[in-house]
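Student: Reading the sequence shown from the start, the letters are residues 70 to 560 in the numbering used here.
Even glycine gets a Cβ: it sits at the ideal position worked out from N, Cα and C.
Just so we're clear, the structure is a prediction, and the values are computed from it rather than from any experiment.
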Amino acid sequence: MKAILNLDEKQAHINKNIYGHFSEHLGRCIYGGIYVGEDSDIPNTEGMRNDIIEALRNMKIPVLRWPGGCFADEYHWMDGIGPKEKRPCMVNTHWGGVTEDNSFGTHEFLRFCELIGAEPYINGNCGSGTVREMQQWVEYMTFDGISPMSDLRKENGREEPWKIPFFAVGNETWGCGGNMRPEYYADEYRRYATYLRNFGGNKIYRIAVGPNAADYHWMEIMMERASRMFDGITLHYYTVPGEWKQKCHALGFNENEWYQTMRKTRYMEELVTKHSTIMDRYDPDKRVGLLVDEWGTWFAVEEGTNPGFLYQQNSLRDALVAGINLNIFNQHADRVQMANIAQLVNVLQSVILTEGEKMLLTPTYHVFEMYKGHQDADLLHMTLQDVPEAEGMPAVNVSASSRDGKALVTFTNLDLENTAEVTIELRGGCAVKACARTLTSDVMDEHNTFDEPDRLRPQDFDVQLVQEGNVQFVKAVLPAKSVTSIEMVLA
Ligand code: AHR
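Structural data, given as structure tokens:
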């Protein structure tokens, strides 16, 4: 396979928020995952696990969405502020019917974002909350003068307002967020968004609920009727091999299930392309971002765990899913301004799993870490020729970017058996050094366990930088079932 990498052809800026994450009050994502409370024996900072903080800082997490998901449209933020012993409980009806004690609320979430160095993305309640409630939440968090809400914030220990860059009006309003029609939600969105104020220096990027997967009608209606009032619109699409009612398992799957997963995940390309085409008609200047704020694998829950907690293991197959999708998002960086894999810890395609005081980094974590050089870089023009096929699909996908005198090329090879030889011709510049890492295994469901947390991690990998006459090439052999990153230092 031949590739041409045009080092001088910058196509778009890759928004770092494509590497974003999502944390919901669901299962053990918040409680046990992020937050253990100050009295826990697990080392923590103000109740947040230190091991998680360190891992997320190393991965360079740019943005974190909270508190849901479906939970967001049942969440009443005032229940989650003030002295913890006075905070009312609620039933988490969506996720296992467990009692939520609200000990992790606005202050805790925003503190966690400070600790991990991520920007907060707050998802407001439009399904069961009022306009007033949403308006007051923004005032509570961001108003810098004297007002009932800013006084309340100060009483609760926070003098300075926070900066809230991202705020969404509801979640999945076509489903768990109110079962609305797009015509109805477009009007509701406009009403709620009218009262999302920018206080002081805070400027909110206003986010509307977008379609479920291929619901192009929803996108059409929202763009036509409400886009002048939003900066971003969401898209949700999960990779669910098997049937919704009988999902495949995260481990112990067969080759058919591997390829079915790859086929379903590659569908993201079509979804992003078609939704972008609709958006282009109403917004040719691409002012409005497409935010894929829920994506990733959704498998059957691990045996013996609460079905409402969505806890699943994470294998080399998840790493391929992550690598393929992140390459797709990079390639659409002119329109995709954010993506948030679901979910951060212990839920669906997590980057981290915990069990008591133990934690492990999943293969998906390693992909985010290997790709972190793409954040805020310039997307480079790169073409592939003679791409090998596997089960009727192109086996390889790629994206390339440059920043600060370095170029990063990230490849996936989804073929279970065959390596893929690639010769990359460098044009419009040259490299003085190239090094690479790959994440691969002989075993297609290789994964990390609490006893062996480092079974699968990226390994250094051999690439050659060769000069032939005036032309420079990088040559590599991509292993079967692998995610590979090649970093070049440019002359
Ligand atoms: O991520 C789990 C759930 O999937 C979210 O709560 C919801 O938005 C989606 O249906």
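Would you please state the rounded distance, in angstroms, between the beta carbons of residue 505 and residue 532? I believe it to be under 8 Å.
Tutor: Position 436 of the sequence shown holds residue 505. Position 463 of the sequence shown holds residue 532. So it is a contact: roughly 4 Å between Cβ atoms.
Student: Note the first and the last residue of the continuous alpha helix (DSSP H) segment covering residue 286.
Tutor: As a first step, residue 286 is located in the sequence shown; it is residue number 217 there, counting from the start. That run of the alpha helix (DSSP H) goes 285-295.
Student: Looking at residue 143 and residue 158, is the spacing between their C-beta atoms short of 8 Å?
Tutor: In the sequence shown, the residue the question calls residue 158 occupies position 89. In the sequence shown, the residue the question calls residue 143 occupies position 74. For residue 158 and residue 143, no; Cβs fall outside 8 Å.
Student: DSSP state of residue 347, grouped into three classes?
Tutor: As a first step, residue 347 is located in the sequence shown; it is residue number 278 there, counting from the start. Residue 347 falls in the helix class under three-state DSSP.
Student: Assuming residue 70 contacts residue 454 (C-beta within less than 8 Å), just tell me the rounded distance between them.
Tutor: Within the sequence shown, residue 70 is the residue found at index 1, counting from 1. Within the sequence shown, residue 454 is the residue found at index 385, counting from 1. At roughly 7 Å, the Cβ-Cβ gap stays under 8 Å, so residue 70 and residue 454 are in contact.
Student: Do residue 507 and residue 528 have their CB atoms nearer than 8 Å?
Tutor: For the purposes of this step, residue 507 is taken as residue 438 along the sequence shown, with counting starting at 1. For the purposes of this step, residue 528 is taken as residue 459 along the sequence shown, with counting starting at 1. Result yes, Cβ atoms of residue 507 and residue 528 sit closer than 8 Å.
Student: Taking the beta carbon of residue 253 as the centre, do at least 16 other beta carbons fall within 10 Å, making it buried, or is it exposed?
Tutor: Working through the sequence shown from its first residue, we reach residue 253 at position 184. Under this definition residue 253 is an exposed residue.
Student: Alpha helix (DSSP H) containing residue 322: first to last residue?
Tutor: Taking the first residue of the sequence shown as 1, we reach residue 322 at position 253. Residue 322 -> no alpha helix (DSSP H), and no H or E assigned at all.
Student: Can you tell me whether DSSP reads residue 391 as helix, strand or coil?
Tutor: Position 322 of the sequence shown, counting from 1, holds the residue named residue 391. Of the three classes helix, strand and coil, the one that applies to residue 391 here is helix, per DSSP.
Student: For residue 299, tell me which candidate among 307, 309, 288 has the shortest Cα-Cα distance.
Tutor: The residue labelled residue 299 in the question sits at position 230 within the sequence shown. Checking every option, the nearest Cα to that of residue 299 belongs to 288.
Student: Give me the residue from 448, 457, 461 with the minimum Cα distance to residue 23.
Tutor: Summary: the structure shown does not reach residue 23, with the chain confined to residues 70 through 560, and so no result is reported for it.
Student: Is the distance from the Cβ of residue 342 to the Cβ of residue 390 below 8 Å?
Tutor: As a first step, residue 342 is located in the sequence shown; it is residue number 273 there, counting from the start. As a first step, residue 390 is located in the sequence shown; it is residue number 321 there, counting from the start. No, these two residues do not count as a Cβ contact at 8 Å.
Student: Please list the segments of the alpha helix (DSSP H) lying wholly inside the region 197-237, counting only runs of 4 or more residues, in order along the chain.
Tutor: The qualifying runs are 200-211, 217-224.
Student: In the DSSP assignment, find the unbroken alpha helix (DSSP H) run with residue 185 in it and report its ends.
Tutor: Residue mapping note: residue 185 aligns to position 116 of the sequence shown, counting from 1. Segment 175-185, the alpha helix (DSSP H) holding residue 185.
Student: Within 7 Å: the Cβ of residue 521 and any heavy atom of ligand 1?
Tutor: Counted from its first residue, the sequence shown places residue 521 at position 452. Incorrect: residue 521 has no Cβ contact closer than 7 Å to ligand 1.
Student: Is DSSP giving residue 139 helix, strand or coil here?
Tutor: For the purposes of this step, residue 139 is taken as the residue at position 70 of the sequence shown. Residue 139: helix per DSSP, three-state reduction.
Student: Label residue 313 either buried or exposed according to how many other C-beta atoms from any shown protein chain fall within 10 Å of its C-beta, with 16 as the threshold for buried.
Tutor: In the sequence shown, counting from the first residue as 1, residue 313 sits at position 244. When all chains shown are included, residue 313 counts as exposed.
Student: With the cut-off set at 8 Å, would you say residue 242 and residue 278 are in Cβ contact?
Tutor: In the sequence shown, the residue the question calls residue 242 occupies position 173. In the sequence shown, the residue the question calls residue 278 occupies position 209. Cβ distance < 8 Å, so residue 242 and residue 278 count as in contact.
Student: So, residue 99 versus residue 109, is the Cβ gap smaller than 8 Å?
Tutor: Here the question's residue 99 lines up with position 30 in the sequence shown. Here the question's residue 109 lines up with position 40 in the sequence shown. Contact flag unset, no.
Student: Say whether the region 388-408 touches the region 252-270, bearing in mind that this needs 3 or more beta-carbon pairs closer than 8 Å, one atom from each stretch.
Tutor: Verdict: no, contact absent.
Student: To which residues of the same chain is residue 549 closer than 7 Å at the C-beta, ignoring the five residues directly before and after it?
Tutor: Against the sequence shown, residue 549 aligns to sequence position 480. Within the same chain, residue 549 has close Cβ partners 482, 484, 485, 486, 487, 488.
Student: Check whether the region 125-134 and the region 184-198 are in contact - that is, three or more C-beta pairs closer than 8 Å.
Tutor: Judged by Cβ distances under 8 Å, the region 125-134 makes contact with the region 184-198, as three or more pairs qualify.
Student: Does any heavy atom of ligand 1 sit closer than 7 Å to the C-beta of residue 305?
Tutor: Along the sequence shown, one-based indexing puts residue 305 at 236. Because some heavy atom of ligand 1 lies under 7 Å away, the Cβ of residue 305 counts as near it: yes.
Student: Using a Cβ-Cβ cut-off of 8 Å (strictly less than) and excluding sequence neighbours within five positions of residue 474, which residues of its own chain qualify?
Tutor: Mapped onto the sequence shown, residue 474 falls at position 405. Excluding positions up to five away in sequence, the list reads 558, 559.
Student: Tell me the DSSP bridge mates of residue 447?
Tutor: Position 378 of the sequence shown, counting from 1, holds the residue named residue 447. Residue 447 pairs with 82, 471.
Student: Can you tell me whether residue 101 is helix, strand or coil according to DSSP?
Tutor: Looking up residue 101 in the sequence shown gives position 32. Coil at residue 101, not helix or strand.
Student: Using DSSP bridges, identify the partner residues of residue 572.
Tutor: Nothing can be reported for residue 572, as the shown portion of the chain is limited to 70 through 560.
Student: For residue 405, write down the residues that DSSP places opposite it in a beta bridge.
Tutor: Residue numbering aside, residue 405 sits at position 336 when the sequence shown is read from its first letter. Beta-bridge pairing links residue 405 to 359.
Student: When the Cα of residue 311 is compared with those of 360, 368, 464, 345, which residue comes out closest?
Tutor: Numbered from its first residue, the sequence shown carries residue 311 at position 242. It is 368.
Student: DSSP state of residue 161, grouped into three classes?
Tutor: By 1-based counting over the sequence shown, the position of residue 161 is 92. Strand, per DSSP.
Student: What is the DSSP secondary structure of residue 314, reduced to helix, strand or coil?
Tutor: Within the sequence shown, numbered from 1, the residue matching residue 314 stands at position 245. Residue 314 falls in the coil class under three-state DSSP.
Student: Please classify residue 482: does DSSP put it in a helix, a strand, or coil?
Tutor: As a working note, residue 482 is residue 413 in the sequence shown. Strand, per DSSP.
Student: Does the distance from the C-beta atom of residue 88 to that of residue 434 stay below 8 Å?
Tutor: On the sequence shown, position 19 is the one that residue 88 refers to. On the sequence shown, position 365 is the one that residue 434 refers to. Not in contact: residue 88 and residue 434 (Cβ atoms no closer than 8 Å).
Student: Taking 8 Å as the threshold (C-beta atoms), are residue 230 and residue 269 in contact?
Tutor: By one-based count along the sequence shown, residue 269 stands at place 200. By one-based count along the sequence shown, residue 230 stands at place 161. Contact flag set, yes.
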